Amino acid sequence: MLEETIKEINEKKCTIEIFGLGYVGLPLAVRLACSSFFVIGIDINQEKIANLSQNNLNESEWEIKDDFETAYKNGKLSLSTTPQKYDVPKIGIISVPTPVPKPNFKSNVHVLSAVESFLKVAKKGDIIILESSLEIGATEEVQKLIESKGFIVGKDFGLAYCPERIDPQNKKWNLENIPRVIYCSDSFTFEICKFIYHHVNSGRLIKVSTPKVAEIIKSFENSFRLVNISLVNELAILCDKLGVSVREVIEGAATKPFGYAPFYTGAGAGGHCIPKDPAFLVESSKKFGIEFQTIENALKINSLMPQYITSSINKIFETQKMNNKSIIICGLSYKTDLEDMRDSPGFKIIHEMKKFGFKVVGYDPFYKKELSHKYLLENNIPDSEIEIIPNLEDQSINNFSCLCIVQHHTKTKSRIKEIYTQSLIPIIYDCQNKLQSNSQSNTILKTLGS
Ligand SMILES: NC(=O)c1ccc[n+]([C@@H]2O[C@H](COP(=O)([O-])OP(=O)(O)OC[C@H]3O[C@@H](n4cnc5c(N)ncnc54)[C@H](O)[C@@H]3O)[C@@H](O)[C@H]2O)c1
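Numbering-wise, the working numbering puts 952 at position 378 of the sequence shown, and it's gapless, one number per residue.
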């Protein structure tokens, strides 16, 4: 059965349904549609489908806007909220969210729901490729779900796990050149995946023997990043105490040509991957009676960074005997030059600063007022109220005592430099340790890590 699927796919006589048109799914859908596959982008969010149908893409999607428009116009890409029945083989690619599990809420809820809807109109010879980040054992759960519908995985139905590794804003590594690990239920499914991913990343697939290996790899590589980010942030706390420049330490260590990779300070890792995938490894380990302490500690340090930063800022105010306790938190997205505000340290700093009795406002050139409620939900503070200033011009910053820089977005770089060099605000706190000290400025500059 799957052997026949290979033949049809080689002639591109197949339909690819991509579930979840977010940061991962949409660029993939466009890429495959531009490679002459017939692609259907499926998302349960009707507003998203309506916006895309009007060629209304988010700023971070503008890079693919022209390709999207072409593929949509020439009928290679269509959009829907539900999957359809087709006579030709169907490939379902699942790129839906996988949130951190909570008691009574499993991380794979959306994955299972997307797979279930694919299976409602599936037939023998079809294939499911999971791209979402998964907890250990989640692929096997999907296999059970497929088999509960009467299919035999590896014989008349293919299953693969090919976790996405995209690093938004990475100028060197992107969808087209990042190699991927992949688990496939059988050799035919692997052949099919090779053919499909040939059009995505030139088929740079590293086959692994079991789904658990692929699941662990995905969580482990992001745990490596989280542990190192937490390590350097803890070092920054020590450097603060010693009055030593953490940047000088990092750059000095980076002169060692082997066995070291530089990581830089910040207000903590946010977003949908770095703090989440390691939590998958911790939760999965617990099921086997193991405490993954390195990761647990890294997660703890990461979550405490906003508190450390706010108490450092409060101390500066106390030392300077500054009465006007007011602050602008600049950079609310979780990463520089990105509009993604999920699980972002900037929001946590706002929340913490309020506890010290500060008047707090936020600023981010990517912030969209109409999405305020969504941002609060994504940061688990749905009932908070956050005041946002429209820019960093004189009239917006005049009455504030401190500018806390969480992200040095390219769009704000020159203005921040101007605010500093022209002493337009009494205090600047730089979480990313990027602003160069300038003895001509009357502004007190404090960086995380001295
Ligand atoms: N964003 C990244 O940089 C990144 C990188 C690597 C891996 N991942 C992983 O990829 C997965 C997707 O992440 P994302 O950032 O693209 O998420 P996202 O929130 O940007 O997009 C997910 C989309 O899926 C839709 N959706 C939810 N349930 C659905 C269902 N049952 N059927 C169809 N659509 C559904 C949502 O409406 C949303 O539009 C996650 O597991 C994430 O951890 C993300």
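No residue lacks a Cβ here, since even glycine has one placed at the ideal position from N, Cα and C.
Note that the coordinates shown come from a computational prediction; the quantities given were computed from them, not determined experimentally.
What are the residues that DSSP puts in a beta bridge with residue i?
{"i": "Glu591", "result": "Ile614 and Gly666"}
{"i": "Gly863", "result": "DSSP output for Gly863 lists no bridge partner at all."}
{"i": "Leu733", "result": "Ile702"}
{"i": "Thr1021", "result": "Asp1004"}
{"i": "Cys758", "result": "Ala734"}
{"i": "Gly936", "result": "Ile903 and Ile962"}
{"i": "Lys781", "result": "Ile756"}
{"i": "Ser634", "result": "Per DSSP, none; premise fails for Ser634."}
{"i": "Ser652", "result": "Ile614"}
{"i": "Lys676", "result": "Phe679"}
Check this for me: beta carbons of residue i and residue j, under 8 angstroms apart or not?
{"i": "Lys909", "j": "Pro677", "result": "no"}
{"i": "Thr995", "j": "Asn972", "result": "no"}
{"i": "Ala561", "j": "Tyr834", "result": "Shown here, the chain extends from 575 to 1024; a query on residue 561 therefore has no answer."}
{"i": "Leu686", "j": "Leu733", "result": "no"}
{"i": "Ile1018", "j": "Ile1001", "result": "yes"}
{"i": "Asp917", "j": "Ser907", "result": "no"}
{"i": "Lys694", "j": "Met575", "result": "no"}
{"i": "Ser669", "j": "Ser634", "result": "no"}
{"i": "Ile903", "j": "Val934", "result": "yes"}
{"i": "Gly905", "j": "Ile979", "result": "yes"}
{"i": "Gly639", "j": "Leu626", "result": "Residue identity differs from the one stated: residue 639 is Lys in this sequence, not Gly. Not closer than 8 angstroms, so no."}
{"i": "Ser819", "j": "Ser946", "result": "no"}
{"i": "Ile590", "j": "Gly599", "result": "no"}
{"i": "Glu857", "j": "Pro673", "result": "no"}
{"i": "Phe932", "j": "Lys899", "result": "yes"}
{"i": "Thr893", "j": "Phe930", "result": "no"}
{"i": "Glu715", "j": "Asn682", "result": "yes"}
Taking only beta-carbon atoms, is residue i less than 8 angstroms away from chain D?
{"i": "Lys729", "result": "Considering every chain present, this structure includes no chain D. It has just one protein chain."}
Going along the chain, which residues of its own chain have a beta-carbon closer than 8 angstroms to the beta-carbon of residue i, five neighbours each way excluded?
{"i": "Ser610", "result": "Lys586 and Lys650"}
{"i": "Ile583", "result": "Pro663, Ile665, Ile766, Phe769 and Ile770"}
{"i": "Glu750", "result": "Arg605, Val774, Asn775 and Ser776"}
{"i": "Thr784", "result": "Tyr757"}
{"i": "Cys588", "result": "Thr579, Glu582, Phe611, Phe612, Val662, Pro663, Lys664 and Ile665"}
{"i": "Ile993", "result": "Leu966, Ile971, Leu977, Ile999, Ile1002 and Thr1017"}
{"i": "His846", "result": "Tyr597, Pro671, Asp914, Arg916 and Asp917"}
{"i": "Asn629", "result": "Lys639, Phe642, Glu643 and Tyr646"}
{"i": "Glu577", "result": "Phe762"}
{"i": "Ile955", "result": "Phe921 and His925"}
Closer than 7 angstroms by C-beta to residue i: which residues in its own chain qualify, once you throw out the five before and the five after it? Chain order, please.
{"i": "Pro939", "result": "His983, Lys985 and Thr986"}
{"i": "Ile580", "result": "Phe762, Glu765 and Ile766"}
{"i": "Ser691", "result": "Thr656 and Pro657"}
{"i": "Pro880", "result": "Ala841, Gly842, Pro919, Lys922, Ile923 and Glu926"}
{"i": "Phe725", "result": "Lys698 and Phe731"}
{"i": "Lys622", "result": "Leu595"}
{"i": "Ile824", "result": "Val806, Pro836 and Tyr838"}
{"i": "Ser958", "result": "His925 and Leu950"}
{"i": "Ala607", "result": "Val613, Ala645, Lys650 and Leu651"}
{"i": "Ile811", "result": "Tyr882"}
{"i": "Gly826", "result": "none"}
{"i": "Tyr941", "result": "Leu906 and Ile962"}
{"i": "Ala603", "result": "Ile592, Leu595, Val613, Gly615 and Leu651"}
{"i": "Phe974", "result": "Ser900, Ile901, Ile902 and Ile999"}
{"i": "Lys861", "result": "none"}
Can you list, in chain order, the residues of its chain with a C-beta nearer than 6 angstroms to that of residue i? Leave out the 5 residues immediately preceding and following it.
{"i": "Ile703", "result": "Ile667, Ala734 and Cys736"}
{"i": "Gly596", "result": "none"}
{"i": "Cys976", "result": "Ile901 and Ile1001"}
{"i": "Gln717", "result": "Val727 and Leu733"}
{"i": "Arg799", "result": "Ile848"}
{"i": "Arg754", "result": "Cys736 and Leu779"}
{"i": "Gly936", "result": "Ile903, Leu906, Ile924, Ile960 and Ile962"}
{"i": "Asp1004", "result": "Ile979 and Thr1021"}
{"i": "Arg821", "result": "Asn1007"}
Please indicate yes or no: does the CB of residue i lie closer than 7 angstroms to some heavy atom of ligand 2?
{"i": "Cys736", "result": "Ligands displayed in this structure: ligand 1; ligand 2 is not among them."}
Worksheet item: Would you call the region 826-844 and the region 773-788 touching, i.e. three or more CB-CB distances under 8 angstroms?
Response: Output reads no: the region 773-788 does not touch the region 826-844.
Worksheet entry | Validate contact between the region 942-953 and the region 977-988 using beta carbons, cut 8 angstroms, 3 pairs | Below 8 angstroms, too few C-beta pairs join the region 942-953 and the region 977-988 to call them touching: fewer than three.
Discussion item. Quick check on the DSSP output: what are the complete beta strand (DSSP E) runs of length 3 or more inside the region 678-726, in order along the chain?
Written reply: Whole beta strand (DSSP E) segments, 3+ residues: 701-704.
Discussion item. Tell me whether the region 790-805 and the region 703-710 touch, counting them as touching only if at least three CB pairs, one residue from each stretch, are closer than 8 angstroms.
Written reply: Touching, yes, given that three or more Cβ pairs across the two stretches are closer than 8 angstroms.
Item to complete: Starting from the N-terminal side, write out each stretch of the alpha helix (DSSP H) that is 4 residues or longer and does not extend beyond the region 964-1014.
Response: Within the region 964-1014, the complete alpha helix (DSSP H) runs of at least 4 residues are 968-971 and 984-995.
Worksheet item: Counting pairs of Cβ atoms below 8 angstroms between the region 611-624 and the region 794-813, do you hit three or more?
Response: At 8 angstroms Cβ cutoff, the stretches do not touch.
Worksheet item: Does the pairing of the region 800-815 with the region 869-879 give three or more beta-carbon distances under 8 angstroms?
Response: Three or more beta-carbon pairs separated by less than 8 angstroms link the region 800-815 to the region 869-879, which places the two stretches in contact.
Item to complete: Report yes or no: do the region 846-857 and the region 919-926 share at least 3 C-beta pairs separated by less than 8 angstroms?
Response: Not touching, per the Cβ criterion.
Item to complete: Spell out a yes or no on whether the region 860-870 and the region 809-822 are touching, meaning 3 or more CB-CB pairs, one atom from each, closer than 8 angstroms.
Response: No, they do not touch.
Discussion item. What ranges does the alpha helix (DSSP H) occupy inside the region 824-874, keeping only unbroken runs of at least 4 residues that lie completely in it?
Written reply: Counting whole runs of 4 or more residues, the region 824-874 contains the alpha helix (DSSP H) stretches 850-861.
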